[in-house]
Amino acid sequence: MGHPIEKPETVATAIRIGNPASWKRAEAARDESGGLIDMVTDDEILAAYAELASTQGIFCEPASAASVAGIIKIAALGRVPADATVVCVLTGHGLKDPERAEKGSLTPTRSSRLPPTTAAVMKALGW
12 MGHPIEKPET VATAIRIGNP ASWKRAEAAR DESGGLIDMV TDDEILAAYA
62 ELASTQGIFC EPASAASVAG IIKIAALGRV PADATVVCVL TGHGLKDPER
112 AEKGSLTPTR SSRLPPTTAA VMKALGW
């Protein structure tokens, strides 16, 4: 953190930028808001990605889930007051990275085995 990364690798492809052009503006926003710039692992991003989908019905791309992963991380460290209002902006829809959704699915081939009918989907969901 705090320096350019020559060849960054992450599942969050939309933020795979090793030396962003807006670096100084990001630091200024951090300083003006009293916030922080931190990092999260791919595992933390994917856990937030799955959590958003399974508990909130939000299908975002991994780059958007990174902000939620960050809040989860710092909250677990006790660095977020219990009465804090937290806003994470999730601008990237999950269809920007459909391969990730397929890789992360608990049953990746289940949908490919269903007939393309409402009745088949309802039955598979137990409805």
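This note's numbering puts the first residue of the sequence shown at 12, with every later residue one more than the last. Just so you know, even glycine gets a beta-carbon here, dropped at the ideal spot from N, CA and C. Note that the coordinates shown come from a computational prediction; the quantities given were computed from them, not determined experimentally.
- C-alpha of Lys134 to C-alpha of Thr66: approximately 21 Å in a straight line.
- The beta carbons of Pro73 and Asp108 sit about 6 Å from each other, so the pair counts as a contact at 8 Å.
- Going by beta carbons, Leu63 and Ala76 fall inside the 8 Å limit.
- A residue is called buried once 16 or more other Cβ atoms fall within 10 Å of its Cβ, and Gly81 is buried on that count.
- Distance between Lys35 and Asp42, taken at the CA atoms: about 11 Å.
- The beta carbon of Gly137 lies closer than 6 Å to none in the same chain, with the five residues before and after it left out.
- In terms of Cβ geometry, Phe70 and Gly103 do not form a close pair [threshold 8 Å].
- With fewer than 16 neighbouring CB atoms inside 10 Å of its own CB, Ser33 falls in the exposed class.
- Here Val51 has Ala77, Ala80, Gly81 and Lys84 as same chain residues with Cβ atoms under 7 Å from its own Cβ, once five neighbours each way along the sequence are excluded.
- Residue Pro15 holds the alpha-carbon nearest to the alpha-carbon of Ile28 among Val100, Tyr60, Pro126 and Pro15.
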